[in-house]
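These notes concern the structure reproduced below.
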Amino acid sequence: MKTVFHVAFASLLVLLSTAASAQTSLPDFTELAEKSSAAVVSIESTRTASSQRAGANEAIDPEDMPEFFRRFFGQPGMPPMEPRDQVSTGSGFIISGDGEVLTNHHVIDGADEVIVRLPDRREYVATVVGSDAQADIALLRIKAKGLPYLKAGSSKSLRPGQWVYAIGSPFGFLDNTVTVGVVSGVGRRSMDASQQYTPFIQTDVAINRGNSGGPLLNTDGEVVGINSQIFSNSGGYMGVSFAIPIEVAMDTAKQLRETGHVRRGQLGVAIQNVDRKFARTLGLDRSVGALISSVTPDSAAEKAGVKVGDVILSFNGIEILQSSDLPPMVGNTAPGSKVKLRLLREGKERELTAVLGEVPADDAVAGSGAGAGGKASTGVLGLVVQTPSAEEREQLGLEAKEGVLISRVVGDAARRAGLREGDVILRVGRTAVANAKAFSDAVAAAGDSEAVMLLVRRGDQTQFVAISPRKAD
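In the working numbering, the protein residues as written are 181 to 653.
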């Protein structure tokens, strides 16, 4: 009996010791949060009512439209609805003592005024040094000196299960809120197709509306990412958050600071995943790599000898596990760089060298190419359109020579006008367009017009939309 008691007591001591050891091994974020919070700011972006009027109603004269379309814009003589100032909030953090601030592009997108509020309640009107929609990064500057700032760490060493914490202003008024969690995954693909160049960090750190642009930090107090997105069915936090790696953010900021825009490498291929059936057919023992479905004429890929049906297995020595791994590698490599491609062709591996091209400034699909004449980009409108196939025309209820399909919306003016991928443009002004070339020609013919009117069909509704070329991004 005595022996049993001693064994039970010894086991209890081991359990208590293990629990105490586990408790002491948990990180204490108290000092880290206190020190980091001094450099985290709240951001308020305002788009004025006058700006909204100038960008919409002033460009449209209802008298010039058929009766059917006036329902979308109001009847002549009726007082229009007065737009109000639109205010949005977000977070950011200081990266230099002389007032440089990083945040998300979507936090300040379209704003006429950006206010940065420091933790000590000082407020500054910020200047937007530059902003990049594809990386979702904006660099701001405020007129202040001697500010506390955060040090950039490295996201490359992050592993699932590693402790991280975030600071931000959820819902626009809970300033310097600290939330803690772990890294859930790395190299995640964005749910937004226009952000194909960012290998996101997934965490279970609580992120809500207003946290966008705030820092994700490691247990050394270094920034490893910028909180940008959540996955949610309700609009609120559901345990899945995404952050932009700090290396992507800092490289974007550097280019915005030096040149005002971001350059990205382009290979010139369209790719898709290798599924189980493809793997067997191609002679792969597992479903890896990026299968080439088209090669853009005169692109870096074509010049290097890449062919349709090839499977890219690695890029500069880094294995491609799925097709979404490739765009960030290509896009974040400088144009003009020589890169090594290991690929599989007809069951045999081979290595090619390619010299990367550059993504056009108005094209969100760098690295993927369309057939010659099949797509058209218009920098002044921020749209990429394509000629619908016969099957697409049938599905959309279009005539044989009617309309072009929006395949990408890459400009802020087009987004603000409400245009979406999948919309059909029937006319540019009074000119009907039947293919991508006709669309480009019609836009070019509009010249320096105050606004270009597009007749757009979405589902069973058709309406005119006006975009000001001067304000397209």
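Where is the CB? At the ideal position from N, CA and C, for every residue including glycine.
Small disclaimer: the values here were computed from a predicted structure and weren't measured.
Original post:
Quick one: what's S311 bridged to in DSSP?
Top reply: As a first step, residue 311 is located in the sequence shown; it is residue number 131 there, counting from the start. According to DSSP, which records beta bridges pairwise, S311 is partnered with A318.
**OP:** Count the C-beta pairs between the segment 292–312 and the segment 425–443 that are closer than 8 Å, then say yes if the count reaches three, no if not.
**Re:** yes
Subject >> Rounded C-alpha distance that separates P508 from Q376 >> reply: Residue 508 sits at position 328 when you count from the first residue of the sequence shown. Residue 376 sits at position 196 when you count from the first residue of the sequence shown. Their backbone Cα atoms lie some 6 Å apart in a straight line.
Subject >> Inter-stretch contact (C-beta, 8 Å, three-pair minimum) for the segment 388–406 and the segment 335–350 >> reply: yes
Original post:
What residues in its chain sit with their C-beta under 6 Å from that of D603, if we drop five residues either side in the sequence?
Top reply: By one-based count along the sequence shown, residue 603 stands at place 423. So the list reads I586, V636, R638, once near-sequence residues are dropped.
**OP:** Report yes if the C-beta distance between L521 and A470 is below 8 Å; otherwise report no.
**Re:** In the sequence shown, residue 521 corresponds to position 341, counting from 1. In the sequence shown, residue 470 corresponds to position 290, counting from 1. No, the pair does not count as a contact, with Cβ atoms beyond the cut-off.
Subject >> Helix, strand or coil at M418 according to DSSP, with G and I counted as helix >> reply: Residue 418 sits at position 238 when you count from the first residue of the sequence shown. If DSSP states are grouped into helix, strand and coil, M418 belongs with coil.
**OP:** May I ask which residues mark the beginning and end of the beta strand (DSSP E) holding R227?
**Re:** As a first step, residue 227 is located in the sequence shown; it is residue number 47 there, counting from the start. 220–227 is the extent of the beta strand (DSSP E) around R227.
**OP:** Have a look at G527 and V468 and give me their C-alpha separation to the nearest angstrom.
**Re:** Taking the sequence shown and counting its residues from 1, the one referred to as residue 527 is at position 347. Taking the sequence shown and counting its residues from 1, the one referred to as residue 468 is at position 288. Each residue's Cα considered, the two are about 14 Å apart.
Subject >> Bounding residues of the alpha helix (DSSP H) (the contiguous stretch that carries R595) >> reply: By one-based count along the sequence shown, residue 595 stands at place 415. Taken as a continuous stretch (DSSP letters only), the alpha helix (DSSP H) holding R595 covers 592–596.
Original post:
Do T228 and D316 come within 8 Å of each other at the CB atom, strictly closer than that value?
Top reply: By one-based count along the sequence shown, residue 316 stands at place 136. By one-based count along the sequence shown, residue 228 stands at place 48. It is not a contact, given that the beta carbons lie outside the stated cut-off.
Original post:
V404 bridges to which residues according to DSSP?
Top reply: Start at 1 with the first residue of the sequence shown, and residue 404 comes out as number 224. Answer is none; V404 lacks a bridge partner.
Subject >> Those residues which DSSP pairs with V267 across a bridge >> reply: By 1-based counting over the sequence shown, the position of residue 267 is 87. The partner list for V267 (beta bridge, DSSP) reads T226.
Original post:
Alpha carbon to alpha carbon, what distance is there between M633 and Q643?
Top reply: Here residue 643 refers to the residue found at position 463 when the sequence shown is read from its first residue. Here residue 633 refers to the residue found at position 453 when the sequence shown is read from its first residue. Distance between the alpha carbons of Q643 and M633 is about 10 Å.
**OP:** Kindly indicate which residue of L599, S479, G272 has the alpha-carbon position closest to the one of A219.
**Re:** Locating residue 219 in the sequence shown gives position 39, where the first residue counts as 1. Nearest of L599, S479, G272 to A219, Cα basis: G272.
Original post:
To which residues of the same chain is M245 closer than 6 Å at the C-beta, ignoring the five residues directly before and after it?
Top reply: Here residue 245 corresponds to residue number 65 of the sequence shown, with the count starting at 1. With a pLDDT of only 46 at M245, under the threshold of 50, the placement of this residue in the model should not be trusted, and no figure is reported.
Original post:
Do A481 and A534 have their C-beta atoms closer together than 8 Å?
Top reply: Counted from its first residue, the sequence shown places residue 481 at position 301. Counted from its first residue, the sequence shown places residue 534 at position 354. Going by C-beta atoms, A481 is nearer than 8 Å to A534.
**OP:** From the DSSP output, in three-state form, read off T611 for me.
**Re:** By one-based count along the sequence shown, residue 611 stands at place 431. In this structure, T611 counts as strand in the three-state DSSP scheme.
Subject >> Per-residue burial, L212 [other beta carbons within 10 Å of its own, 16 or more giving buried] >> reply: Counted from its first residue, the sequence shown places residue 212 at position 32. Result: buried.
Original post:
beta strand (DSSP E) containing Q566: first to last residue?
Top reply: The residue you call residue 566 lines up with position 386 of the sequence shown. That run of the beta strand (DSSP E) goes 563–566.
Original post:
Per DSSP, what kind of secondary structure is P425 in: helix, strand or coil?
Top reply: By one-based count along the sequence shown, residue 425 stands at place 245. Strand, per DSSP.
**OP:** Let me know if R460 comes out buried or exposed under the rule of 16 or more other beta-carbons within 10 Å of its beta-carbon.
**Re:** Within the sequence shown, residue 460 is the residue found at index 280, counting from 1. Per the 10 Å Cβ criterion, exposed.
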